[in-house]
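S.K.: Supplied in structure tokens, the structure appears directly below.
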Amino acid sequence: MNILVAETSAPSRTTSHRPLIRVVTVGHVDHGKSTLIGRLLHETGSLPDGKLDALEHVSRRRGMPFEWSFLLDALQTERDQGITLDTSQIRLRTAARDIVLIDAPGHAEFLRNMITGAAQADSALLIVDAVEGVCEQTRRHANLLHLLGIHQAAVAINKMDKVDFSASRFQEIEAEIARQLASFGLAATAIIPISARHGDGVARRSASMAWHTGPTVLDVLERFSIAKPAADLPLRIPVQAVYKFDDLRIIAGRIETGRVAVGDEIAIAPRGTRARVASIEAWPVPNEAQAPRSADAGQSLGLTLDRPVFLDRGDVIAAVDAPGQAVRRLRARVFWLHDEPLAPGMSVTVRIGMAECRGEIALIEHAVDPGELTAIGSAVIARNCVGEIEIALAQRIAADIHAANPRTGRLVLDVDGRIAGGGLVLAVDPEKGEERDERGAGGNLSLVAAQDGRDGEAAAGGADGIAEALRGLPPAARIARFRQAVAGRIVFTTSFGLEDQVILHLIAEQALDIDIVTLDTGRMFGETYDLWAATERRYGRRIRAGYPDRQHLEELVGTHGINGFYDSRAARAACCHVRKVEPLNRALAGASAWIVGLRADQSGNRGDIDVVTRDPRSLLKLSPLFDWTREAVQAFAVANQVPVNPLHAKGFVSIGCAPCTRAIAPGEPERAGRWWWEADEKKECGLHDRPGNGLRSSRP
Amino acid sequence: MDRLDELEAQSIFIFREAFARLRRIALLWSLGKDSNVMIWIARKAFFGRVPFPALHVDTGKKFPEMYAFRERYAAEWNLDLKIEPCPPLEGIDPTLPPAARSAARKTEGLKLALAKYGFDGLIAGIRRDEEPTRAKERVFSPRGREGGWDVRDQPPEFWDHFNAAPPPGAHLRIHPILQWTELDIWAYTRREGIPVIPLYFARDGKRYRSLGDRDITSPVASQAATLDAIIAELEATRIPERAGRAMDHESEDAFERLRTTGYL
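So the sequences go chain by chain: A and B.
Everything in the first sequence is counted per my numbering, starting at 1 for the first residue and increasing by one.
Everything in the second sequence is counted per my numbering, starting at 1001 for the first residue and increasing by one.
Structure, rendered in structure tokens:
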């Protein structure tokens, strides 16, 4: 076999050691951003062979004048309409450095694409049309540069050929744009008169503008200073994941700021638990002498700690002397890109580092349209506008303010899983008092049993070990921790009841790898089917449906009649068996664990359930809400806008199949509405049968 | 950190995000230089393992050297290899130019694999510098139910926060090496000692810069018979990488049409 394996050798200086800078071109639509980039590539000889001919050919065939912008406007509709829709990138090599030029659309409609492009840049070129002067998008983009953390910008006044290369027109716009930038806290490194179409002032000085003695655009690109990873700020490693391999528990993440070394003591935010770095892991596995001893900002790494502390995605490994704050409320300056305006009371997902949680907009101030000449404050932040907000977070997370740490002091807002805005953290309310220990009991969990589970089979008594570890945690952490601790497929079965909806919310919000399944008996309420569809829309996740076996169903209906379940307990049990229990068994086949919405106070024979038990199928069974009351579940659903079945409001508490569920009166037991014609000895369908067979873990 | 270190760190970060945020992902292994670099980085991200399948959407028309490479390294790298054969040409949009139509079989093969395995994320080794519509990609790029790319409605993506919630039935494309260049790929391949299919090295004055189907891929003139020579060649060349890929050049928007309907 003829396959070559490369010999390892030192990288050539010319490729990997050339400095690289990313520059975004921004400004109003049609002011010539794409044209400038095309011209720059041409002037510096960066175009591939044949590209110029191809562009000329396309222009001729369309009967249009030659357009440099066709180089980047790769989409047919962009060329047809002559505007840039989405951001693009292209490379340029100068004698001293490599430059990535990021083209950003200037049309207001595509601001999200401008932000996508600009956020990847470390400097900006703002293009202004010499005829039109400063326009709406000029102002909006200049304002956003600041919010995106870009502090280095130059301005090119384009189309000077159309104003007869007039020095006085240039000075007029120069003064206006300098004033405008200053109001956003920016100072241009240079303001340059150019004609991108003809090349004046782009890579060479122009005889037509001998009055301009400053740099060309290319000069400016070569002088922009290059951003460096912030190794001198306090350590921050947002945890991406914890991987369990053999006996190792490797914490994976990227160092956003600071540096870390083996032996360092670190703090785990937001809880503040401490540990020491035991090792820095790498692959290919180095021999001991070459094992990494330290790592710097910008590196993606894996590390192990000297003790088994509780740690999860979203936590931050931080410097002990500057660990950041655990916060439940913060203030931020944000831009908003979603169709629906950001308004007080609105619930959004807040992402800081790897942490994600629900947040409610508590306050909006200084909401303005940055494109307007005189910005008028508004009560809401409309699409493409900016403002300051205060957010109340559903749980406490680690946060920095932007002034202290530009990498970790920023946040992203998302709505239904789609990024909707972002901004800088201006201030935080440090968490005080009682809730500090909410997860503190688990702060030094020893999860021996759980780790065994990850290796294939949960050891005997694993349920006890995991139950012990999860009992003290809130439900969201119980589920996340359970997913982390148990190997294999985990199935959550939902009947769209209140508890199930809350659990589904917790699974979806944490994006956990848990199979969500419902058993469609064919006899459910219309409202339940509507809720099913609404839930999928809200969380963007498909809920898998399990159906009865056709043959068994035909036999059942043939034997007992379509509503035979009213006639005898045996017929009712047979119906439950065919429509629910059999499909459940299929749904759980091959799974290692099952999550359910049981609560201890639901009815007489559920009083002895625990957070984790072992099901007779030998599955681990997690009841994350086992110790919650109905009222607590309801309050959570309201606070987090979890979609719920409208039947609850009509007195239906525990909702099953339509023929077998009725509303109950205040004061009746919760499950009194299920199979109401039967006596209350044991109102179960068989799904949760056979308690007390010795495998279930006992409570302390 | 030099540029390759930075690129590697960024790609590892993306791999870990995809693995953490999605339920069922696969890496598209085309056997070419780019996807081999991806597998190498995945092994770094997950400490020697590739914790998801490597999916080869097989047109059946690859070079024999490519199949040999697949068999050897699927075993050596301990990959969970899944091979998905592409459907025949007859079922493909006849209005496409011939080479693009042939390439579109891969799109259909991809759809079959998506339906069969229920992947919600596919990791693909495309790069911005290859081709102008790829330059407009997101790192996490949502695809519709039919695998289509809605270039007019790409979501915002910034500060390494990704849109990772595909609607039911849809999937995401994840592009961990989007920021790399062809030169970066070769420099990294050399630094790390990653195996390479010999078709990339010049024989008789020609070499393949990009590998695809036998019948629609042609070699370019080159004397570069070693990694060092390839890197030196790329430092100086003005010939685009995909010059030898017929489907890119048949009409102005042929490649865009391929991509919006689900091609890589």
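Ideal Cβ placement from N, Cα and C applies to all residues, glycine included.
Straight-line CA distance for H1161 of chain B to I401 of chain A?
M.R.: The residue given as residue 1161 of chain B occupies position 161 in the second sequence. The residue given as residue 401 of chain A occupies position 401 in the first sequence. Rounded to the nearest angstrom, the two C-alpha atoms are 18 Å apart.
S.K.: How long is the line joining the alpha carbons of G377 of chain A and N143 of chain A, rounded to whole angstroms?
M.R.: As a position in the first sequence, residue 377 of chain A is number 377, starting the count at 1. As a position in the first sequence, residue 143 of chain A is number 143, starting the count at 1. Answer to the nearest angstrom: the Cα atoms are 16 Å apart.
S.K.: Does the CB of F245 of chain A have a neighbour CB from chain B at under 8 Å?
M.R.: The count along the first sequence starts at 1 and reaches residue 245 of chain A at position 245. Yes, F245 of chain A lies at the interface with chain B (some Cβ there is under 8 Å from its Cβ).
S.K.: Taking contact to mean 3 or more Cβ pairs, one atom from each stretch, closer than 8 Å, check whether the segment 1048-1067 of chain B and the segment 1204-1216 of chain B are in contact.
M.R.: The segment 1048-1067 of chain B vs the segment 1204-1216 of chain B: in contact.
S.K.: List the whole-angstrom C-beta distance separating V334 of chain A from V285 of chain A, where the pair is believed to meet the contact cut-off of C-beta under 8 Å.
M.R.: Indexing the first sequence from 1 puts residue 334 of chain A at position 334. Indexing the first sequence from 1 puts residue 285 of chain A at position 285. No, V334 of chain A and V285 of chain A are not in contact; Cβ-Cβ is about 44 Å, not under 8 Å.
S.K.: Bridge partners for I1239 of chain B per DSSP, in chain order?
M.R.: Your numbering for residue 1239 of chain B matches position 239 in the second sequence. According to DSSP, which records beta bridges pairwise, I1239 of chain B is partnered with nothing at all.
S.K.: Within a Cβ cutoff of 6 Å, which residues of the same chain sit near E435 of chain A, ignoring the five residues on either side of it in sequence?
M.R.: Numbered from its first residue, the first sequence carries residue 435 of chain A at position 435. Interpretation of E435 of chain A is limited by its pLDDT of 38, a score under 50 that renders its predicted location unreliable; the figure taken from the coordinates is listed afterwards. Closer than 6 Å at the Cβ level, and outside the excluded window around E435 of chain A, lies no residue.
S.K.: Enumerated in chain order, which unbroken segments of the alpha helix (DSSP H) with a length of 4 residues or greater are wholly contained in the segment 523-559 of chain A?
M.R.: Counting only runs of 4 or more, we get 526-539.
S.K.: In terms of residue numbering, what span does the alpha helix (DSSP H) encompassing D1150 of chain B cover?
M.R.: For this step, residue 1150 of chain B is matched to residue 150 along the second sequence. Segment: none, D1150 of chain B is in no alpha helix (DSSP H) and carries neither H nor E.
S.K.: For A267 of chain A versus R276 of chain A, is the C-beta distance shorter than 8 Å?
M.R.: As a first step, residue 267 of chain A is located in the first sequence; it is residue number 267 there, counting from the start. As a first step, residue 276 of chain A is located in the first sequence; it is residue number 276 there, counting from the start. Taking 8 Å as the Cβ cut-off, A267 of chain A and R276 of chain A do not qualify as a contacting pair.
S.K.: Take A399 of chain A and list the residues in its own chain whose beta-carbon comes closer than 7 Å to its own, dropping the five residues that flank it on each side.
M.R.: Numbered from 1 along the first sequence, position 399 holds the residue referred to as residue 399 of chain A. Only G324, Q325, V327, L330, I352, V425 and V428 meet the Cβ criterion.
S.K.: What would DSSP say about A460 of chain A, mapped onto helix, strand or coil?
M.R.: Here the question's residue 460 of chain A lines up with position 460 in the first sequence. Its pLDDT being 32, under 50, A460 of chain A is placed unreliably by the model, and the measurement read from it follows with that caveat. Reduced to three states, the DSSP call for A460 of chain A is coil.
S.K.: Please check if any C-beta of chain A sits within less than 8 Å of the C-beta of N1078 of chain B.
M.R.: The count along the second sequence starts at 1 and reaches residue 1078 of chain B at position 78. Not an interface residue.
S.K.: Give the secondary structure of K1062 of chain B by DSSP, where H, G and I count as helix, E and B as strand, and everything else as coil.
M.R.: Indexing the second sequence from 1 puts residue 1062 of chain B at position 62. K1062 of chain B: coil per DSSP, three-state reduction.
S.K.: Please report how far the alpha carbon of V1037 of chain B lies from the alpha carbon of A1187 of chain B, in whole angstroms.
M.R.: In the second sequence, the residue the question calls residue 1037 of chain B occupies position 37. In the second sequence, the residue the question calls residue 1187 of chain B occupies position 187. The straight-line gap from Cα to Cα measures roughly 11 Å.
S.K.: Which runs of the beta strand (DSSP E), 3 residues or longer, sit entirely within the segment 294-336 of chain A?
M.R.: Runs found: 294-296, 300-305, 316-319 and 325-336.
S.K.: How close, in whole Å, do the beta carbons of I1177 of chain B and S1011 of chain B come, if the pair is a contact with beta carbons under 8 Å?
M.R.: To locate residue 1177 of chain B, count along the second sequence from 1; it is residue 177. To locate residue 1011 of chain B, count along the second sequence from 1; it is residue 11. Confirmed, Cβ separation roughly 6 Å.
S.K.: Counting only runs that start and end within the segment 96-138 of chain A, where is the beta strand (DSSP E) found for 3 or more residues in a row?
M.R.: The segment 96-138 of chain A contains these whole beta strand (DSSP E) runs: 98-103 and 123-129.
S.K.: Since T1107 of chain B and G1244 of chain B should fall inside the 8 Å C-beta cutoff, what is the C-beta to C-beta distance between them, to a whole number of angstroms?
M.R.: Residue 1107 of chain B sits at position 107 when you count from the first residue of the second sequence. Residue 1244 of chain B sits at position 244 when you count from the first residue of the second sequence. In fact, because the Cβ distance is near 20 Å, the residues do not count as touching under 8 Å.
S.K.: Whose C-alpha, out of A:Q240, A:R22, A:C357 and A:K51, is nearest the C-alpha of L709 of chain A?
M.R.: With chain A represented from 1 up to 700, any question about residue 709 of chain A goes unanswered, as that position is not in the structure.
S.K.: What does DSSP give as the partner residue(s) for F252 of chain A in the beta ladder?
M.R.: Within the first sequence, residue 252 of chain A is the residue found at index 252, counting from 1. The residue asked about is misnamed: residue 252 of chain A is Ala in this sequence, not Phe. Note: A252 of chain A sits in a beta bridge opposite A:A241 and A:G302.
S.K.: By Cβ distance below 8 Å, which residues in the same chain neighbour Q299 of chain A in space, the five residues on each side in sequence not counted?
M.R.: For the purposes of this step, residue 299 of chain A is identified with residue 299 of the first sequence, where counting begins at 1. Excluding sequence neighbours, Q299 of chain A sits near R254 and I255.
S.K.: Could you list the residues in the segment 409-425 of chain A with a C-beta less than 7 Å from some C-beta on chain B, going in chain order?
M.R.: Cβ contacts with chain B: R410, V412, G417, R418, I419 and G422.
S.K.: With DSSP as the reference, label S495 of chain A as helix, strand or coil.
M.R.: Here residue 495 of chain A refers to the residue found at position 495 when the first sequence is read from its first residue. Note: S495 of chain A maps to coil in three-state DSSP.
S.K.: If you follow the alpha helix (DSSP H) that E1146 of chain B is part of, which residue opens it and which one closes it?
M.R.: Residue mapping note: residue 1146 of chain B aligns to position 146 of the second sequence, counting from 1. Here E1146 of chain B belongs to no alpha helix (DSSP H), and DSSP marks it neither H nor E.
S.K.: Expressed to the nearest angstrom, what Euclidean distance is found between the alpha-carbon atoms of R187 of chain A and A1124 of chain B?
M.R.: By 1-based counting over the first sequence, the position of residue 187 of chain A is 187. By 1-based counting over the second sequence, the position of residue 1124 of chain B is 124. Rather than Arg, the amino acid found at residue 187 of chain A in this sequence is Ala. For A187 of chain A and A1124 of chain B, the distance between alpha carbons rounds to 41 Å.
S.K.: Using a Cβ-Cβ cut-off of 7 Å (strictly less than) and excluding sequence neighbours within five positions of R471 of chain A, which residues of its own chain qualify?
M.R.: Counted from its first residue, the first sequence places residue 471 of chain A at position 471. Taken in chain order, the residues that qualify are V611.
S.K.: Mind listing the chain A neighbours of H1161 of chain B? Cutoff is C-beta to C-beta under 7 Å, in chain order.
M.R.: Position 161 of the second sequence, counted from the first residue, corresponds to residue 1161 of chain B. The answer, in chain order, is R351, V412 and I419.
S.K.: Name the residues in the segment 1035-1058 of chain B whose C-beta lies less than 8 Å from a C-beta of chain E; which are they?
M.R.: The question asks about chain E, but that chain is absent: this structure's protein chains are A and B.
S.K.: Here's a check: name, in chain order, each residue in its chain whose Cβ is nearer than 7 Å to the Cβ of I1126 of chain B, leaving out the five neighbours to either side.
M.R.: The count along the second sequence starts at 1 and reaches residue 1126 of chain B at position 126. R1134, E1137, H1175, L1178 and L1264, listed in sequence order.
S.K.: Is there a Cβ from chain B that is less than 8 Å from the Cβ of V58 of chain A?
M.R.: Here the question's residue 58 of chain A lines up with position 58 in the first sequence. Yes, V58 of chain A counts as interfacial toward chain B.
S.K.: Check S279 of chain A in the structure and name its three-state DSSP category.
M.R.: If you number the first sequence from 1, residue 279 of chain A lands on position 279. Here S279 of chain A sits in strand by DSSP.
S.K.: Residues of chain A with CB under 9 Å from G1147 of chain B, in chain order?
M.R.: For the purposes of this step, residue 1147 of chain B is taken as residue 147 along the second sequence, with counting starting at 1. Neighbours of G1147 of chain B on chain A: none; closest Cβ ~16 Å, over 9 Å.
S.K.: Find out if the Cβ-Cβ distance for the pair V220 of chain A, I177 of chain A is shorter than 8 Å.
M.R.: In the first sequence, the residue the question calls residue 220 of chain A occupies position 220. In the first sequence, the residue the question calls residue 177 of chain A occupies position 177. Not in contact: V220 of chain A and I177 of chain A (Cβ atoms no closer than 8 Å).
S.K.: Helix, strand or coil for L1114 of chain B? Go by DSSP, reduced to three states.
M.R.: Your numbering for residue 1114 of chain B matches position 114 in the second sequence. Correct three-state label for L1114 of chain B: helix.
S.K.: Chain A partners of Q969 of chain B, CB-CB under 9 Å?
M.R.: As displayed, chain B neither begins before 1001 nor continues past 1264, which places residue 969 of chain B out of reach and without an answer.
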